[in-house]
Structure formats: C-alpha cells, structure tokens
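In what follows, a structure is listed as structure tokens, so that the remarks can point back to it.
In my numbering, the protein residues as written are 3 to 266.
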C-alpha cells in the first residue's frame with residue numbers, strides 16, 4: 003500500500019520531466035543551432051528595440067537602456083510563453099487524457115517549468131550584455147542580482163494560476179486563444195518594457211499601473227539589477243498576486259476537471 007502511494011507521485015514527476023524536456027526540444031525543432039536560440043533570441047530582440055526606442059526613452063531609464071529592455075522582456079516572457087503555450091495543452095493531449103489516469107495539471111505545469119528553463123538561458127544573455135556594458139563603463143554589477151531566486155517562485159506561481167485557468171477554459175471555449183492574443187498584446191504595452199512610467203505624465207495611469215502584476219515583477223527584477231533591494235511591500239504585492247492567481251486557476255481547473263475529458 004505504501005509503495006503504491008509513493009509510486010504515483012514518482013510517476014507523475016517522471017512524466018513532468020519528460021514533458022518539460024519535450025517542450026524544450028520542440029521549441030527549436032530542426033533548428034540549426036537549436037537551444038542556442040534561447041540566448042540569441044532575447045539578444046536580437048534587445049538590439050532591435052534598442053535601435054527603435056533608444057532615442058525616445060534611452061535617457062530616462064534608471065538602468066543602462068539595453069539592460070533595461072532585456073531585463074523587462076525576459077521576465078515578461080516567463081508569463082507570456084508559459085500561458086500562451088498552456089492554452090491548447092490539454093486538447094493536444096486528448097488521447098493520453100482519455101486513455102490514462104494522468105493529472106491534467108501536469109501539462110500546464112510543464113509549460114511553466116519550460117519557460118523557467120528558457121529564462122535561465124535568457125538570463126545568461128543578460129549577463130553577457132551586462133558584462134559588455136560593464137567593460138564600457140555603462141553598468142556596475144550588483145550582488146543583489148542573485149536575489150532573483152526570490153522573485154522566480156512568485157512569477158512562476160502567478161503564471162501557473164493563469165495557465166491552469168486558460169488550459170481548462172480552452173477545452174470549452176476555443177475562441178479564447180484569439181482573445182488572449184489580443185489581451186497579451188495589450189498587456190505588453192501596458193507594462194513598461196521599453197518605456198518608464200513617468201513618461202506617461204498621468205497620475206491616473208500610474209495608479210492603474212500598480213494593478214498590473216507584471217509591472218511589479220519587472221520592476222522587482224530591475225531594482226535588483228540596479229543594486230537595490232525591493233521593499234517588504236513589494237514582496238507582499240508580488241506574492242499576493244501569485245497566490246490569488248494560483249488559487250483562482252487551481253480552483254477553476256478542479257471545478258471543471260470531471261467535464262474536461264468529455265469535451266476534448
């Protein structure tokens with residue numbers, strides 16, 4: 003009996019590891035340089051955005067502008083890639099879910115973990131840029147950067163809650179995929195990835211920005227890169243959003259789980 007109880011969690015963990023590995027491989031399937039794109043992609047996006055926006059916003063950012071852009075993008079991408087990838091994940095595993103007793107939560111969880119793996123490679127790209135800017139005298143390394151390990155559980159939990167909710171909702175409402183792409187675009191522009199909040203010149207907009215969870219996650223990370231330590235209130239806000247998101251997503255998936263297989 004005890005062996006049986008231990009076997010199932012071990013099997014689930016093994017399957018989760020396989021799913022994460024498969025997601026990483028499929029991300030750059032048949033690509034010539036493969037996983038190296040996880041480093042090159044954020045670097046190339048940073049170069050493009052720096053060329054386009056540096057004259058408009060480059061002088062107002064608290065960090066060196068290339069680092070400002072790259073830091074915001076790689077944090078936002080944890081949420082963006084994990085949630086958008088989770089949308090069809092249950093439908094794509096129709097056969098497995100209908101024929102086996104596997105937990106439906108494994109599939110969106112695998113997407114979030116895959117995004118964290120991608121973040122690690124993107125973080126390497128950030129360190130490369132920071133080193134280059136350090137050598138040119140435009141950036142000073144801060145030890146606080148290691149505290150990113152405090153931020154990652156919060157944004158992972160936040161992304162996991164959204165992923166649970168979207169993957170379950172997609173089973174019943176396929177149009178959410180198109181709607182969510184619009185929401186993500188709006189969310190991207192409402193998050194100061196390439197501009198600063200003070201450029202908006204509106205107290206009302208700044209107050210609304212405080213309700214944007216990704217604003218807090220991005221600013222938390224940038225504070226670390228600038229050599230600061232986020233306040234206790236920022237920790238509470240980041241983990242508060244994470245817990246609420248996870249609770250909503252988990253409870254919704256749990257409420258509809260018995261109807262998912264029949265609607266796949």
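We put the CB at the ideal spot given by N, CA and C, even for glycine.
Keep in mind the model is a prediction, meaning the values are calculated, not measured.
query, result
"Does the region 124-135 come close enough to the region 67-75 to have 3 or more Cβ pairs within less than 8 Å?", "yes"
"Spell out a yes or no on whether the region 82-93 and the region 162-174 are touching, meaning 3 or more CB-CB pairs, one atom from each, closer than 8 Å.", "yes"
"Within 10 angstroms of the Cβ of residue 25, are there 16 or more other Cβ atoms? Answer buried if so, exposed if not.", "buried"
"Measuring alpha carbon to alpha carbon, tell me which of 162, 181, 95 and 197 ends up nearest residue 245.", "162"
"Which value, in whole angstroms, describes the spacing of the CA atoms of residue 148 and residue 133?", "15 Å"
"With a cut-off of 8 Å on the beta carbons, I'd call residue 118 and residue 154 a contact; round off their distance for me.", "7 Å"
"Where in the region 62-93 do unbroken runs of the alpha helix (DSSP H), each at least 4 residues long, occur, reported from the N-terminal end onward?", "67-88"
"Measure the beta-carbon distance from residue 81 to residue 211 and round it to whole angstroms, keeping in mind my assumption that it falls under 8 Å.", "The pair is not a contact, with the Cβ atoms about 16 Å apart (cut-off 8 Å)."
"Does the region 98-108 come into contact with the region 12-24, if we say contact requires no fewer than three beta-carbon pairs (one atom in each stretch) closer than 8 Å?", "yes"
"Can you give the Cα-Cα distance for residue 240 and residue 137, rounded to whole angstroms?", "33 Å"
"Are residue 213 and residue 78 closer than 8 Å when you measure CB to CB?", "no"
"Quick check: what's the CA-CA separation for residue 65 versus residue 22?", "33 Å"
"Thinking just about the alpha-carbon of each residue, which of 164, 29, 263 and 253 is nearest to the one in residue 173?", "263"
"Closest by CA to residue 250, which one among 159, 228 and 198?", "159"
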